[in-house]
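A.B. asks: To start, I am sharing the structure in question, which I have written as C-alpha cells.
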Amino acid sequence: MEGWLNSPTGLLWGFGIIHLFFVIFMLGFVLHGEAFSDTAIYRAWVQGGFREENLPGLPTPWVYPILALLPIAVAGVAGPGPFLLIWVLMITALNALAVGKLTDWGRRRESIPAAWWWLSFVFIMGWLGFARVDGITAPIVLIALSYGVARPFIAGILLSIATWIKVWPAAVVLALLTVVRDRLKVLAAGVLVTAVVGVAALALGVAPKLLNFLTAQGDRGMQLEATFTTPWLWLSVLHAGNSRMYMNTDINSMQVDGPGTEVMSFLMQPLFILVALVVVVLIFWALHNGKRNGGANRTELLLAGSLTMATAFVVFNKVGSPQFMVWLAPAVAVGLAHSWREWRVPATMLIAIAVATYFVYPLFYDALSHNDPVMALVLTVRNLLLVVLFGWSVRRLYLLGRQQPAHAGAVKES
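Now the structure itself:
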C-alpha cells in the first residue's frame, strides 16, 4: 500500500478523491443557488459590477489588489448560480498544476511524499483555501518556488502575478530577490507584470483605485485571531480590564478592544516593517557568510527565507485571518521535496497549526467569539506554534549561514 501511495497513480487518485470531496460539498450550496463563506461576498461584487455604490453593507472590492478581481470575474461569467462551482474548479486546476510541477508530473518519485503532505494540508485547510483568494495564490507561489533560483524570471513573473492578487507573496519576492544571482531578472519580471496591471487599470478606468488595497485596512484594530492579540483575548475571556470582542461590520472582521489595543494596532505596522527588514538582512548575511564558508545553497536559502518572511507576515500582523495559514504551506511543501529530513519539523508544526485553525474556524468560531475559554486555549496554542515556527525558520537561516563545505556535502545548488 505504501508503495502504491508513493506512486504517480496513487498520488493521482489521492488528488482526485480530495478535490472531488470539496467539489461535491460545494455543489450542495450551488444547487440551492448559494455561495460559501467569502465567495458569497465575491459573487456579490460581480453582481454589483465591482462598484462600491452598488454594494451597500459589503466590504469594498478594492481591499484586494486589482488582479484578485480577475478570477472573481471569471467565476461569475456564467452568472451567480454556478459561481462557487467555477471558483472551486479554478482552485482545483491550480492545485493540479502545483502538484504536477512539484513532482515533475510524477517523474520525481522522491517528491511524491511532499505532494502528499501538500494534499493533506489542502484537505485540512480546505474550507478556507477553497473559499478565499488565498486558495488561488498558494499554488501559484508553490509553482514559483519550484522554479526557484534556477529560473528567476519565471519565478518572478508568477510571484508578481500572485502579489497583485493578494499581497502576501511579496514575502517570497523579497526572499527571491535576496538570494538569486541575477536580481535584474526578478526586478524585470515585477516591472513587466506591474506595467501590464497599470495599463489594464487605465483601460478599465480604475487607475485611481489601483493602490487602494494599501490603505483599505489601515484603520482596522487588532483582529481576534492575531498573534499579538492573545493577551487581550484572555482579558476578554476573563472579563478583565474592560476588554471585549466586537464585530467590525465595515470589513466583516471580529476584533478585540481593550486597554492599549489602539497603541498596539498603531505599532504593528512599523514593527512588521522592521521585522521584514531584519529578515532580509539575515537572508543576505546567510547567503554571503555561507559563500565565504563554501557551503551556501541558494535553493535552501530561498525556501528557508520564504518561510521566515511568510511566517513574519502572519506573526507580526494585526490581522490574523485563519486563511493566512495557507501562506506558510508552499515553502514547506517545496522544502520537503528538496530535503524531507530537514523540513519534517516545520511540516509537522504546520499540520498541527492547520488542525488548530480548523477547530477555531469554521468549527467553533462562534464559541470563541463569545469568550469560550477552551477555544481561547486552542487559539493560544496555535499562535504559540506560529511563534515557534518563526523561531525555527530564523534558526534555519542562521545555520545555513554558518554551514561549512563538509556539511553542504554533495547537495547541488539549483
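Counting from 1, one number per residue, gives the positions in the sequence shown under the numbering used here. Here a beta-carbon is modelled for each residue, glycine too, at the ideal position from N, C-alpha and C.
(1) Kindly indicate if chain C contains any beta-carbon less than 8 Å away from that of Ala276.
(2) Excluding the 5 residues flanking Leu27 on each side, which residues of the same chain have their C-beta closer than 7 Å to its C-beta?
(3) Label Arg341 either buried or exposed according to how many other C-beta atoms from any shown protein chain fall within 10 Å of its C-beta, with 16 as the threshold for buried.
(4) Tell me which same chain residues have a C-beta within less than 7 Å of the C-beta of Trp232, skipping the five on either side of it?
(5) Nearest by alpha-carbon distance to Trp427: which of Leu177, His19 and Leu11 is it?
(6) By Cβ distance below 7 Å, which residues in the same chain neighbour Leu214 in space, the five residues on each side in sequence not counted?
(7) Go through its chain and collect everything with a Cβ distance to Thr103's Cβ below 6 Å, but skip five positions before and after it.
(8) Need the endpoints of the beta strand (DSSP E) that Arg244 sits in, please.
(9) Would a C-beta distance cut-off of 8 Å place Leu400 and Met349 closer than the cut-off?
(10) Going by Cα to Cα distance, which pick from Gln47, Phe359, Leu69 and Ala207 is closest to Ala78?
(11) Within this structure, are the beta carbons of Val179 and Ile283 separated by less than 8 Å?
(12) Look at Ile140 and Lys101 and say whether their C-beta atoms are less than 8 Å apart.
(13) Would you mind working out which of Arg402, Ala203, Val334 and Arg382 sits nearest Tyr147, comparing C-alpha positions?
(14) Using 8 Å as the Cβ pair cut-off and three pairs as the minimum, do the region 178–197 and the region 149–168 touch?
(15) Determine the burial state of Gly129: buried for a count of at least 16 other Cβ atoms within 10 Å of its Cβ, exposed for fewer.
(16) May I ask you to report which of helix, strand or coil DSSP gives Ala410?
(17) Using DSSP with H/G/I as helix, E/B as strand and the rest coil, what is Gln269?
(18) Taking a contact to mean a Cβ-Cβ separation below 8 Å, would you say Trp62 touches Asn212 in this structure?
(19) Can you give me the start and stop residues for the alpha helix (DSSP H) that Gln47 sits inside?
(20) Identify the residues that DSSP records as bridge partners of Met254: which are they?
(21) Can you give me the Cβ contacts of Val197 inside the same chain, cut-off strictly under 7 Å, excluding the 5 residues immediately before and after it?
(22) Give me the residue from Thr9, Val355 and Pro82 with the minimum Cα distance to Arg107.
C.D. replies: Inspection of the coordinates gives the following:
(1) Although the question refers to chain C, the structure presented lacks it and comprises just one protein chain.
(2) Leu85
(3) exposed
(4) Met222, Ser243, Val256, Gly258 and Thr261, listed in sequence order.
(5) There is no way to answer for residue 427, as the model of the chain reaches only from 1 to 414.
(6) The answer is none, since no qualifying residue turns up.
(7) Ser111, Ile112 and Ala115
(8) Arg244 to Asn248
(9) no
(10) Nearest neighbour of Ala78 by Cα position, chosen from Gln47, Phe359, Leu69 and Ala207, turns out to be Gln47.
(11) Yes, they are a contact pair.
(12) no
(13) Tyr147 has its Cα closest to that of Val334, out of Arg402, Ala203, Val334 and Arg382.
(14) Yes, since at least three Cβ pairs between the region 178–197 and the region 149–168 fall closer than 8 Å, the two stretches touch.
(15) buried
(16) For Ala410, the predicted structure reports a pLDDT of 39, less than 50, and the residue's modelled location is therefore unreliable. The matter cannot be settled from this model.
(17) helix
(18) yes
(19) Asp38 to Gln47
(20) Met247
(21) Cβ within range, chain order: Ile66, Leu67 and Trp164.
(22) Thr9
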